[in-house]
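Counting along the sequence shown from 1, when you hit position 16 you're at 16 in the UniProt record's numbering, and nothing is skipped either side. From the three backbone atoms N, C-alpha and C, an ideal C-beta is built for every residue, glycine too. On a predicted model such as this, the values are computed, not experimentally measured, just so you know.
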Amino acid sequence: MAIEVEKVIDVIVTVGGLPAAIKPDDDIYDAGFSSIRALQLLTELEDGFGVTLPDDRFSVARTPRALCELIQELTP
Numbered sequence: 001m002a003i004e005v006e007k008v009i010d011v012i013v014t015v016g017g018l019p020a021a022i023k024p025d026d027d028i029y030d031a032g033f034s035s036i037r038a039l040q041l042l043t044e045l046e047d048g049f050g051v052t053l054p055d056d057r058f059s060v061a062r063t064p065r066a067l068c069e070l071i072q073e074l075t076p
């Protein structure tokens, strides 16, 4: 299943309150994303895409593109 990075960005923007202008390769933490919001993001991505994201891999996927690639890799 191909996951569009724009869909991941939409979730990031909604959960993190970041500007919609965030780009696929922007570091979401440098853009103002907090660690508390990261837990909410993890839950939203898992629920929204039907995957379980390992904490160690989620924590190093700092861009929308990296999160998208991780989700694609784990999607059956």
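Please state whether DSSP places residue i in a helix, a strand or coil.
i	result
G17	coil
V62	Note that residue 62 is Arg in the sequence shown here, rather than Val. In this structure, R62 counts as coil in the three-state DSSP scheme.
K23	coil
G48	helix
L67	helix
L41	helix
Would you mind stating whether residue i and residue j have Cβ atoms separated by less than 9 Å?
i	j	result
P64	V15	no
V13	C68	no
F58	A38	yes
I36	I28	no
If you follow the alpha helix (DSSP H) that residue i is part of, which residue opens it and which one closes it?
i	result
G32	Neither: G32 is in no alpha helix (DSSP H) and is coded neither H nor E.
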